[in-house]
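Each residue of the sequence shown is one higher than the one before, counting from 1 in the UniProt record's numbering.
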Amino acid sequence: MAAASHAAPSSSGGQRSLGRLAWPIGYVVVILFLFFLYFSILPSLVKPVSAPVLAWLPVATINECLMWAIMALGLNVVVGYAGLLDLGYVAFWALGGYTAGWLMAFPFNWTWDFHLFSPVKSTLPGTHINFWLVCIVAGILCAILGLIIGAPTLRLRGDYLALVTLGFGEVITQFFRNSGDIAGFNLANGDPGISPIDPIGTGPLGAAGIAPPLLTNSAAGNVWKILVLGLLVGICIFVSLRIREGRLGRAWLALREDELAASMMGVPLVRVKLLAYAVGAFFGGIGGVANASAITTAVSPSGFDFGKSVLVLLMVVLGGMGNVWGVTIGAFLLSWLNSNGLKQIGVQIDAIAGTNLEASLPRYNYVILGLLLVLMMLFRREGLIPESRTKALMQMPSRTEAESLGADSLEAEAETDAVEHSDAGADAKIAASAAAMAGSGAAAGAGTSSGARREDES
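Structure (structure tokens):
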């Protein structure tokens, strides 16, 4: 019996472990299947079928969507899990990109030569470190920056928190813009930035001739970047889900719902808030390295304006705050619209109406995205795929001001009627008591008078 009792928990624990591994394996299988479908089956189809698909969803756009998904998943930790509004998230993206520039390039007039598992030639001067190692270093640096930014905002809420994070984002961007000469040292090369940044290497796959040794912006390189960036997105999704199911994730959700109640339940608010900023910043650093090495192969201050922070926030809100899958879909949708979707929509409108929207429509991308956000707030505030609790809260019927005033007046009338009824009941009770006392007094008086008459007669 004892052996059976010990065996049952172990088997159930093994089933839980297999269940936790099922979705990452399924994610990899789906990515490989889509990869095979897009690049092996689709090009072999007839041109009327394959050409429109490749025009609407080119390879470079897929890579951009994957990079933005990493950024959105990081901001979802701060905004969706912990409920902390961050309008300066672009700061972590910038630091991650510049970390790639410092560790994967030959910047400015630096004289040292250092190579560490780098796919580029060992004779190339500068600092050249492997892409995956740089992702870890950038994530750690951004996590430290997240702690620095989060510390002064611990007592702030709402609009004040948003303003402080917005200020930090602008400070970091302007710092890199003016860091071409810091006491005679060129740290970030000012406005021109750092270029070129080393591409991603494929290691043994490149040595075996399966993949290109360097994933440049060539056709073959862009194809293999999808697997690398897809792997990064899968890791971010896995970490987000695992953290959410743990103690830290539950503490973030409690903080988001009610900070005072979370504090009374024993949630350490300071540590929980700082960890939210640090984890979100870690993801942002990885996204910055991916953007610098796989997308732009360069980094400069002009690429980190406030609009990028707003765009990432829109992805989180559109997809559904707190829902990992919704945020990922929101990132894909908005980044596709911003990169290639609006242009293709303009092409289709031009073909029908004879206009010239192909060139002009993408220039109004932020106007269109702003209108999209307004429509979302009016008709689906919880996002495309909301978290279950957020969906329930958002779908609760809200009262208008007139309804609230009417309900308040009805409540006041009910209270008045209750008071009147209670007063009337009290008066009735007093009258009944007085009548009873009068009756008992009359009976006592009658008894006394009859007794006196009997004494007189005797």
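C-beta atoms are modelled at their ideal positions from N, C-alpha and C, and glycine is treated no differently.
Identity of the residue in 373, 261, 255 nearest residue 80 by Cα: 255
Residue closest to residue 251, alpha-carbon to alpha-carbon, out of 271, 182, 238, 239: 271
Backbone CA spacing between residue 174 and residue 91 [nearest angstrom]: 10 Å
Inter-stretch contact at 8 Å, needing at least 3 Cβ pairs: the segment 305-318 / the segment 366-386: yes
Residue 344 burial status per 10 Å Cβ neighbour count (16 or more: buried): buried
Proximity below 9 Å, CB of residue 119 to CB of residue 199: yes
Residue of 177, 203, 142 minimising C-alpha distance to residue 75: 142
Which of helix, strand or coil DSSP assigns to residue 203: coil
For residue 113, the three-state DSSP class (helix, strand or coil): strand
Residue range of the alpha helix (DSSP H) that includes residue 328: 324-336
Three-state class that DSSP yields for residue 126 in the structure shown: strand
Residues near residue 72 by beta carbon distance below 8 Å, same chain, minus five either side: 312, 315, 316, 319, 327, 328, 330, 331
Residue 284 classed as buried or exposed, judged by whether at least 16 other C-beta atoms fall within 10 angstroms: buried
First and last residue of the uninterrupted alpha helix (DSSP H) at residue 363: Counting along the chain, residue 363 falls outside any alpha helix (DSSP H), and DSSP gives it neither H nor E.
Opposing strand residues paired with residue 104 [DSSP bridges]: 128
Contacts around residue 249, its chain only, beta-carbon distance under 6 Å, and the 5 residues preceding and following it disregarded: 243
Simplified DSSP assignment, three categories, for residue 57: coil
Rounded distance between the beta-carbons of residue 147 and residue 260, thought under 8 Å: Not confirmed; about 24 Å, so no contact.
Own chain, CB closer than 7 Å to residue 336, minus 5 neighbours either side, in chain order: 61, 65
Sequence-distant residues of its chain with Cβ nearer than 6 Å to residue 297 (five each side left out): 196, 197
Buried versus exposed, by CB contacts within 10 Å (16 or more), residue 164: buried
Contact set for residue 180: own chain, Cβ-Cβ below 6 Å, skip 5 residues either direction: 186, 189, 190
Proximity winner among 306, 363, 290, relative to residue 138 (alpha-carbon distances): 290
Residues bridged to residue 299 (per DSSP): 194
Span separating the alpha-carbon of residue 399 from that of residue 386: Confidence at residue 399 is low in this model, with a pLDDT of 45, below 50, so its placement is unreliable and no value can be given for it.
Endpoints, the alpha helix (DSSP H) within which residue 321 is located: Taken as a continuous stretch (DSSP letters only), residue 321 belongs to no alpha helix (DSSP H), as it is neither H nor E.
Local conformation of residue 215 per DSSP, three classes: strand
Residue ranges of each alpha helix (DSSP H) within the segment 62-104, 4 or longer: 90-103
DSSP state of residue 182 mapped onto helix, strand, coil: strand
Rounded separation between residue 125 and residue 241 - CA only: 41 Å
Endpoints, alpha helix (DSSP H) assigned at residue 270: 269-290
Chain-order list of residues whose beta-carbon lies under 8 Å from that of residue 221 (same chain, five-residue window excluded): 199, 212, 214, 215
Simplified DSSP state of residue 187, which is helix, strand or coil: coil
Closest Cα partner of residue 340 within the set 365, 264, 104, 351: 365
Inter-residue Cα distance where the pair is residue 98 and residue 258: 37 Å
CB contact below 9 Å: residue 130 versus chain E: No chain E appears in this structure, which consists of one protein chain only.
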